[in-house]
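Peer 1: I'd like to ask some things about the structure below.
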Amino acid sequence: MSEVILKVDNLKKHFPIKGGLLQKVVGHVKAVDGVSFEVKKGSTFGLVGESGCGKTTAGRTLLRLHENDGGSVIFDGKDIFALNQKELRDIRPEIQLIFQDPYSSLSPKMPVGEIIGEAVREHKLVPEKELRNYVMQIMRECGLQDHHIDRYPHEFSGGQRQRICIARAIALKPKVVVCDEPVSALDVSIQAQVINLLMDLQRDRGISYVFISHDLSVVEHISDEVGVMYLGNLVEKAPREEIFKNPMHPYTKALFSAIPTPDPTVKMNRIVLEGDIPSPAKPPAGCKFHTRCQSCMEICKVTRPEYKDYGNEHFVACHLYNKQ
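Each residue of the sequence shown is one higher than the one before, starting from 1453 at the first, in this note's numbering.
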């Protein structure tokens, strides 16, 4: 049996831009423009990049919450975009999503027990008479108390709400969970508790994660492999230890230079990127990063760099290394 549970191959998602009196399509926002990576069973793939790079759209598209405009997503041997509605519904419990904002993703009119148990009942994962006990078991596993089952979301703190969202996801016994910035709205101390909970669940249940975040210190703690996105593309991908020890792409180096250090005596060599991210509707020719890159060469402005393996499963798309 293959180690790979999820294979994303050249995934694309372009949103149409409409204009004029007749609202004709006049262009496309290339939010995800050819992204490829694999997630192994029981491991975590961290997807990082600054706001607007397309990482959340990539996560939602691989779940087929958006239809793709190219590429494929192979989940447990099945192409998600080739499935009909019934087949897609059958695999939905196996691939789940944890949202960034726990409060807006929870119905204020439903008690916690109903929120967690609704999809379990719909997919008939446990008999109806055992449902309440099953929900309480999942709640305990996620650090919630039995008496919370009849309370409503507004009665909980932000960290507790995110635990409810995690419980709702794992109650369906998923094989893959896409975590869309699941701790960015929480205090630092609560972030650590939620990250440790996710890691405990992964160890006990063998769940695989696609962990989307802009917080590199969190990604370094939880991920086994890291991919760096810029303007719809992966510019670098490597195992965690390799990429944090030896970042190669200028964009990755700039991101990593912003990671704060707890030692006040250590001077940070911050790399400050000039300018804003170009529009994904009109990306620059050649390397998309060349307009902000301090190492830009003439070839970068006209030729798109190849995405190649430079050893140790370290993939980079940059002309600086093409002569090696």
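Even glycine gets a Cβ: it sits at the ideal position worked out from N, Cα and C.
My understanding is that residue 1554 touches residue 1604, with C-beta atoms under 8 Å, so please give their C-beta distance in whole angstroms.
Peer 2: The Cβ separation is near 13 Å, so there is no contact.
Peer 1: Could you give the C-beta distance for residue 1690 and residue 1766, rounded to a whole number, given that I count them as a contact under 8 Å?
Peer 2: The Cβ separation is near 4 Å, so the contact holds.
Peer 1: Quick one: what's got a C-beta closer than 7 Å to residue 1468's C-beta in the same chain, skipping five residues either side?
Peer 2: Same-chain partners within the cutoff: 1477, 1480.
Peer 1: Three or more C-beta pairs closer than 8 Å, one from the segment 1578–1589 and one from the segment 1537–1553: is that the case here?
Peer 2: Because the criterion of three Cβ pairs below 8 Å is not met, the segment 1578–1589 and the segment 1537–1553 do not touch.
Peer 1: Drop a sphere of 10 angstroms on the beta-carbon of residue 1465, count the other beta-carbons inside from all chains shown, and report buried for 16 or more, exposed for fewer.
Peer 2: Counting Cβ neighbours within 10 Å, residue 1465 comes out buried, since at least 16 surround it.
Peer 1: In this structure, how does DSSP classify residue 1460 when only helix, strand and coil are distinguished?
Peer 2: Looking at residue 1460 - three-state DSSP - the assignment turns out to be strand.
Peer 1: When DSSP labels each residue in this structure, what does residue 1723 get in the three-state scheme?
Peer 2: The answer is coil: DSSP assigns residue 1723 none of H, G, I, E or B.
Peer 1: Thinking C-alpha only, which one of 1509, 1460, 1709 is nearest residue 1530?
Peer 2: Per the Cα distances, 1460.
Peer 1: What residue does the alpha helix (DSSP H) around residue 1661 start on, and which one ends it?
Peer 2: Here residue 1661 belongs to no alpha helix (DSSP H); instead the beta strand (DSSP E) covers 1660–1665.
Peer 1: Just to confirm the assignment: which complete alpha helix (DSSP H) runs, minimum length 4, are found wholly within the segment 1528–1552?
Peer 2: Counting only runs of 4 or more, we get 1537–1543.
Peer 1: Is DSSP giving residue 1712 helix, strand or coil here?
Peer 2: It is coil, neither helix nor strand.
Peer 1: Just tell me which of 1753, 1608, 1687, 1642 has its CA closest to the CA of residue 1702.
Peer 2: Out of 1753, 1608, 1687, 1642, 1687 has the C-alpha closest to the C-alpha of residue 1702.
Peer 1: Pick from 1742, 1600, 1673, 1614: whose alpha carbon is nearest that of residue 1639?
Peer 2: Considering only alpha carbons, the answer is 1614.
Peer 1: Using a Cβ-Cβ cutoff of less than 6 Å, which residues in the same chain neighbour residue 1619 once the five nearest sequence positions on both sides are dropped?
Peer 2: Around residue 1619: 1568, 1590, 1591, 1594.
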